[in-house]
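Sequential numbering from 39 applies to the sequence shown in this note's numbering.
The beta carbon of each residue, even a glycine, is placed where N, CA and C say it ideally should be.
What you are looking at is a predicted structure, and each value in this text was computed from that prediction instead of being measured.
Here's the structure, in structure tokens; my notes come after.
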Amino acid sequence: MSLSVKRSYLITGGTGSFGKQFLSALMKRPNVERVVVFSRDEQKHFALQNEWGNEPRLQFFPGDVRDLERLERAMAGVDVVIHAAAMKHVPIAEFHPTECIQTNIGGAQNVISAAFKMGVKSVMALSTDKAAKPINLYGATKLASDKLFVAANASSGEKGPKFGVVRYGNVVGSMGSVVPFFNRLIGQGATRLPITDANMTRFWITLRQGVDFVFRNLDRMQGGEIFVPKIPSVRIVDLARAMAPTLPQEIVGIRPGEKLHEVMCPREDGHLTVEFEDHYVIQPTITFPDRKIDYTLNRLGERGWRAKPDFEYRSDLNDHFLNSEEILEYNKIAALDPRAELPASTPAILRAKSA
Ligand SMILES: NC(=O)c1ccc[n+]([C@@H]2O[C@H](COP(=O)([O-])OP(=O)(O)OC[C@H]3O[C@@H](n4cnc5c(N)ncnc54)[C@H](OP(=O)(O)O)[C@@H]3O)[C@@H](O)[C@H]2O)c1
Numbered sequence: 039m040s041l042s043v044k045r046s047y048l049i050t051g052g053t054g055s056f057g058k059q060f061l062s063a064l065m066k067r068p069n070v071e072r073v074v075v076f077s078r079d080e081q082k083h084f085a086l087q088n089e090w091g092n093e094p095r096l097q098f099f100p101g102d103v104r105d106l107e108r109l110e111r112a113m114a115g116v117d118v119v120i121h122a123a124a125m126k127h128v129p130i131a132e133f134h135p136t137e138c139i140q141t142n143i144g145g146a147q148n149v150i151s152a153a154f155k156m157g158v159k160s161v162m163a164l165s166t167d168k169a170a171k172p173i174n175l176y177g178a179t180k181l182a183s184d185k186l187f188v189a190a191n192a193s194s195g196e197k198g199p200k201f202g203v204v205r206y207g208n209v210v211g212s213m214g215s216v217v218p219f220f221n222r223l224i225g226q227g228a229t230r231l232p233i234t235d236a237n238m239t240r241f242w243i244t245l246r247q248g249v250d251f252v253f254r255n256l257d258r259m260q261g262g263e264i265f266v267p268k269i270p271s272v273r274i275v276d277l278a279r280a281m282a283p284t285l286p287q288e289i290v291g292i293r294p295g296e297k298l299h300e301v302m303c304p305r306e307d308g309h310l311t312v313e314f315e316d317h318y319v320i321q322p323t324i325t326f327p328d329r330k331i332d333y334t335l336n337r338l339g340e341r342g343w344r345a346k347p348d349f350e351y352r353s354d355l356n357d358h359f360l361n362s363e364e365i366l367e368y369n370k371i372a373a374l375d376p377r378a379e380l381p382a383s384t385p386a387i388l389r390a391k392s393a
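The following block contains the structure:
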């Protein structure tokens with residue numbers, strides 16, 4: 039999407055971890071006319087509004103993605119929607135599946151319907167590695183959401199909105215994740231760190247990298263893609279050792295709904311996967327005859343190549359595992375205020391490429 043044209047944005051889940059970081063980055067960009075922050079809890083709106091003071095381009099819009107009418111009102115005059123609102127805690131979703139389904143699937147369908155009705159130009163939805171070969175309800179709802187966005191794109195036509203999906207893995211330091219959990223235990227003087235499984239691996243990304251990846255894909259998007267970044271993996275035992283080198287580790291067993299390793303591009307989608315220098319694209323399995331898109335060449339002019347039919351992008355098969363030093367660098371960046379600049383010493387791997 040050209041940065042020379044003034045655009046209005048709406049971020050569902052704009053008061054969440056991703057939403058706030060995306061907002062900070064967006065407000066530094068040129069030609070941002072208006073940004074609508076959409077989420078439910080008025081306290082979070084109030085706090086964020088106070089942080090931004092008297093910023094005339096910001097509009098705080100309390101609302102629920104389950105409420106189509108409210109979404110339609112919020113999308114009036116909006117060009118670009120970033121859909122980040124979700125229920126994302128695996129155990130809560132297991133216990134309360136209908137809540138998760140209503141927000142993650144019903145909410146996604148409402149975002150799509152409102153975008154069509156209000157003439158939005160682009161919609162980028164956030165997904166997760168847990169949506170690839172899902173084994174828990176959270177992942178299953180995000181897979182259903184991915185499918186809704188991809189199908190919406192297929193039926194959109196030349197003039198309708200473009201829909202795309204960004205799928206990535208564990209965000210370092212995000213609420214409820216392992217880094218703050220270990221930090222809390224270490225701070226409380228724990229005598230050992232609990233490890234679910236000695237072999238467990240995860241994909242690893244900072245929020246800044248996630249935000250930058252979303253921006254770049256808004257520029258790359260033709261519509262219908264699932265964008266997956268090439269990111270490193272972490273062995274959880276290495277993480278624990280880096281954060282607390284002298285603490286013994288205690289194996290406590292894998293938790294309900296948890297995988298030993300995560301997948302971002304499943305083998306079953308190998309024939310649909312296109313590899314680029316720094317990311318993969320999973321192209322839609324469905325196409326409409328009047329809309330043939332060449333997914334090996336994106337709108338930034340980047341040329342990709344077809345992955346092998348049995349290709350799988352899995353956290354334990356990654357070619358880059360973070361070492362202790364890199365793990366601590368990631369933790370340092372994750373702890374920074376969303377609006378703070380990166381320190382000059384930040385290694386290249388953690389520096390976002392600008393679009
Ligand atoms: N964090 C990770 O490790 C990770 C990894 C991969 C993908 N993702 C994906 O990235 C996205 C953003 O995650 P995050 O870490 O920023 O989550 P987060 O910090 O929990 O933020 C979620 C946001 O969504 C809003 N929200 C929740 N339910 C809503 C509803 N029914 N209607 C409107 N707003 C609602 C929340 O505010 P209210 O509760 O006030 O409404 C909040 O603003 C999600 O789609 C998630 O699946 C996250």
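**Study point:** Range covered by the beta strand (DSSP E) that runs through S383
**Key:** It is not in any beta strand (DSSP E) - S383 carries neither H nor E in the DSSP assignment.
Practice item. Report yes if the C-beta of K268 is less than 8 Å from at least one heavy atom of ligand 1; otherwise report no. Key: Distances from the CB of K268 to the heavy atoms of ligand 1 are all 8 Å or more.
Exercise for review: May I ask whether a heavy atom of ligand 1 can be found less than 8 Å away from the beta carbon of A123?
Suggested key: Yes.
Check your understanding: Going by the CB atoms, is the gap between L388 and E363 shorter than 9 Å?
Key -> L388 is positioned such that its CB atom lies no closer than 9 Å to that of E363.
**Study point:** Reduced DSSP category for H83 - H, G, I as helix; E, B as strand; rest coil
**Key:** Per DSSP, reduced to three states, the secondary structure at H83 is helical.
Check your understanding: Would you say the beta carbon of M213 comes nearer than 8 Å to a heavy atom of ligand 2?
Key -> This structure lacks ligand 2; the ligands present are ligand 1.
Review point. Between which two residues does the beta strand (DSSP E) containing F241 stretch?
Key: Residue range 239-243 is occupied by the beta strand (DSSP E) that includes F241.
Check your understanding: Is V301 helix, strand or coil by DSSP?
Key -> Per DSSP, reduced to three states, the secondary structure at V301 is strand.
Review point. Does the beta-carbon of M213 have 16 or more other beta-carbons within 10 angstroms, so that it is buried, or is it exposed?
Key: Around the beta carbon of M213, fewer than 16 other beta carbons lie within 10 angstroms, which makes this residue exposed.
Exercise for review: State the DSSP-derived secondary structure class of A192, mapped to helix, strand or coil.
Suggested key: Taken through DSSP and simplified to helix, strand or coil, A192 comes out as helix.
Practice item. Determine the burial state of W343: buried for a count of at least 16 other Cβ atoms within 10 Å of its Cβ, exposed for fewer. Key: It is exposed - the Cβ of W343 has fewer than 16 other Cβ atoms within 10 Å.
Practice item. Using a Cβ cut-off of 9 Å (strictly closer), state whether G177 contacts chain D. Key: The chain labelled as chain D is not found in the depicted structure, where only one protein chain is given.
Point to revise | Distance, Y206 Cα to F349 Cα | key: Separation of F349 and Y206 (C-alpha to C-alpha, rounded to the nearest whole angstrom) is 17 Å.
Exercise for review: Taking only runs that begin and end inside the stretch 72-125, name each unbroken alpha helix (DSSP H) of 4 or more residues, in chain order.
Suggested key: Here the runs fully enclosed are 80-90, 106-112.
Exercise for review: Using the Cα positions of V217 and D328, report the straight-line distance between them to the nearest angstrom.
Suggested key: Put simply, the backbone Cα of V217 is about 48 Å away from that of D328.
Practice item. Report yes if the CB atom of A192 is closer than 9 Å to the CB atom of P199, and no otherwise. Key: Contact annotation: A192 and P199 have beta-carbon atoms that are not nearer than 9 Å.
Check your understanding: Say the cut is 8 Å; is the CB of N92 nearer than that to a heavy atom of ligand 1?
Key -> No, the Cβ of N92 stays beyond 8 Å of every heavy atom of ligand 1.
Practice item. Would you grab the beta carbon distance between L48 and M113 for me? Rounded to a whole angstrom, and I think it's under 8 Å. Key: About 6 Å separates the two Cβ atoms, so the contact holds.
**Study point:** Rounded distance between the beta-carbons of R95 and V75, thought under 8 Å
**Key:** With a Cβ gap of about 11 Å, V75 and R95 do not count as contacting.
**Study point:** Three-state class that DSSP yields for H309 in the structure shown
**Key:** Residue state for H309 is assigned as helix, using DSSP reduced to three classes.
Point to revise | Cβ neighbour criterion (16 or more within 10 Å) applied to E150 | key: According to the sequence as given, residue 150 is Ile; it is not Glu. When all chains shown are included, I150 counts as buried.
**Study point:** Start-to-end residues for the alpha helix (DSSP H) that takes in S55
**Key:** Secondary structure note for S55: its alpha helix (DSSP H) is the uninterrupted segment 55-65.
Point to revise | 3-residue-minimum beta strand (DSSP E) runs that sit fully inside the stretch 237-296, ordered along the chain | key: Fully enclosed beta strand (DSSP E) runs of 3 or longer: 239-243, 264-267, 271-273, 287-289.
Review point. Could you give the residue range of the alpha helix (DSSP H) that holds K155?
Key: Counting along the chain, the alpha helix (DSSP H) containing K155 begins and ends at 145-156.
Point to revise | Nearest-angstrom beta carbon gap, H83 and F60 [assumed within contact, 8 Å] | key: So it is not a contact: roughly 16 Å between Cβ atoms.
Point to revise | Length of the line joining the Cα atoms of V301 and I264 | key: Approximately 14 Å, taken between the alpha carbons.
Check your understanding: Under the criterion of a Cβ to heavy atom distance below 8 Å, does F84 qualify as lining ligand 1?
Key -> Outside the cutoff, so no.
Practice item. Count the other C-beta atoms from every protein chain shown that fall within 10 angstroms of the C-beta of V43, then say buried if there are 16 or more, exposed otherwise. Key: It counts as exposed.
Review point. For E313, does the count of other Cβ atoms within 10 angstroms reach 16, so buried, or fall short, so exposed?
Key: With 16 or more other Cβ atoms inside 10 Å of its own Cβ, E313 counts as buried.
Check your understanding: Which same chain residues, not among the five before or five after H299, have their C-beta less than 6 Å away from its C-beta?
Key -> Closer than 6 Å at the Cβ level, and outside the excluded window around H299, lie T239, R352, S353, D354.
Check your understanding: Is it the case that the Cβ atoms of I365 and R246 are separated by a distance below 9 Å?
Key -> No; because the gap between Cβ atoms is not below 9 Å, this pair is not in contact.
Check your understanding: Could you check where the beta strand (DSSP E) with P232 kicks off and where it finishes?
Key -> For P232, the uninterrupted beta strand (DSSP E) run begins and ends at 231-233, by DSSP.
Point to revise | Beta-carbon proximity list for R279, same chain, < 7 Å, skipping 5 on both sides | key: Annotation for R279: S362 place their beta carbon closer than 7 Å to its own, counting only its chain and skipping 5 residues before and after.
Exercise for review: Find out if the Cβ-Cβ distance for the pair N221, R273 is shorter than 9 Å.
Suggested key: No, Cβ-Cβ distance for N221 and R273 is not below 9 Å.
Practice item. Say yes only if the C-beta of G57 is nearer than 8 Å to one or more non-hydrogen atoms of ligand 1, and no if none qualify. Key: Under cutoff, so the answer is yes.
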